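Here's the structure, in structure tokens; my notes come after.
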Amino acid sequence: MAEQEEKKGIFKKAAEALSSKDEKETIAKLEAELKASQEAVKSLLNQNIDTKKDSSEELKAAEAKIAQMEAQLKAMKDKQINEAKEDRLQGFANKKTMLDSTLKPKIITVHTVESNNETLSHVALKYYKHATPPYWQYLEEHNKEVLEGSHKNIRMGMKLEIPELPDDLKD
161 MAEQEEKKGI
171 FKKAAEALSS
181 KDEKETIAKL
191 EAELKASQEA
201 VKSLLNQNID
211 TKKDSSEELK
221 AAEAKIAQME
231 AQLKAMKDKQ
241 INEAKEDRLQ
251 GFANKKTMLD
261 STLKPKIITV
271 HTVESNNETL
281 SHVALKYYKH
291 ATPPYWQYLE
301 EHNKEVLEGS
311 HKNIRMGMKL
321 EIPELPDDLK
331 D
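Listed below in structure tokens is the structure:
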């Protein structure tokens with residue numbers, strides 16, 4: 161019996177862990193019926209040749225029932241696996257959303273560039289009281305899409321988001 165438990169695959173273990181009690185009972189019932197039908201087929205094959213005509217109809221019926229039960233069993237297992245996949249994907253999506261919301265810095269304000277001579281260091285000096293590279297580069301990194309990837313693309317009328325400083329840049 162212990163050997164059978166060791167031989168269970170990871171999907172079977174996952175399906176057992178995630179399925180409800182009713183589904184497990186239904187699967188066990190179907191497996192028992194499947195075994196009984198298989199035994200009935202074996203006994204029919206071992207019967208006397210004289211009763212072959214009568215037993216051939218029973219054999220066909222038993223084989224049809226076996227095929228039907230195997231299909232039901234496969235459908236139940238597929239359903240359990242798909243439900244487990246969906247639950248896992250939903251869990252990953254929830255975790256990703258939670259991480260994204262915690263990683264994005266809080267926006268202090270939105271700054272509109274007032275002249276073509278204004279630079280990111282001017283903006284950093286105005287909001288962070290520092291015009292050194294770590295501060296304006298932080299602004300550049302946060303506004304990459306607006307600046308199209310370069311701090312040289314700052315133009316009059318652009319709207320730059322001013323994020324809260326990370327702990328390592330705060331005074």
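The letter at position 103 of the sequence shown is residue 263 when you use my numbering, and the numbering goes up by one with no holes.
Ideal Cβ placement from N, Cα and C applies to all residues, glycine included.
Being a predicted model, the structure only gives us computed values, none of them experimental.
1) So, for Pro265: in the same chain, excluding its five sequence neighbours on each side, which residues have a beta-carbon less than 6 Å away from its beta-carbon?
2) Could you tell me which uninterrupted alpha helix (DSSP H) segments, each at least 4 residues in length, are contained entirely in the segment 258–324, listed from first to last along the chain?
3) With DSSP collapsed to three states, give me the class of Leu329.
4) Rounded to whole angstroms, what's the CA-CA distance from Asn277 to Asp328? Just pull it up for me.
5) Suppose contacts are defined by Cβ-Cβ distances below 8 Å. Is Met229 in contact with Glu193 by that definition?
6) From Glu163 to Leu233, what distance separates their C-alpha atoms?
7) Would you call the CB atoms of His311 and Glu300 closer than 8 Å?
According to the data block:
1) By 1-based counting over the sequence shown, the position of residue 265 is 105. If we look at Pro265 and ignore the five residues flanking it on each side, its Cβ neighbours are Pro323, Glu324.
2) Note on the segment 258–324: whole alpha helix (DSSP H) runs with a minimum of 4 residues are 280–288, 293–302, 304–307, in chain order.
3) Position 169 of the sequence shown, counted from the first residue, corresponds to residue 329. Residue state, collapsed to three classes: coil.
4) One-based indexing of the sequence shown puts residue 277 at position 117. One-based indexing of the sequence shown puts residue 328 at position 168. Their backbone Cα atoms lie some 29 Å apart in a straight line.
5) By 1-based counting over the sequence shown, the position of residue 229 is 69. By 1-based counting over the sequence shown, the position of residue 193 is 33. Against a cut-off of 8 Å, the Cβ pair of Glu193 and Met229 comes out as a contact.
6) By one-based count along the sequence shown, residue 163 stands at place 3. By one-based count along the sequence shown, residue 233 stands at place 73. Residue confidence for Glu163 is low, a pLDDT of 49 falling below 50, so the modelled location carries little weight; the figure read from the coordinates is stated next. Their Cα atoms are separated by approximately 23 Å.
7) Taking the sequence shown and counting its residues from 1, the one referred to as residue 311 is at position 151. Taking the sequence shown and counting its residues from 1, the one referred to as residue 300 is at position 140. Taking a C-beta distance under 8 Å as the contact criterion, His311 and Glu300 qualify as a contact pair.
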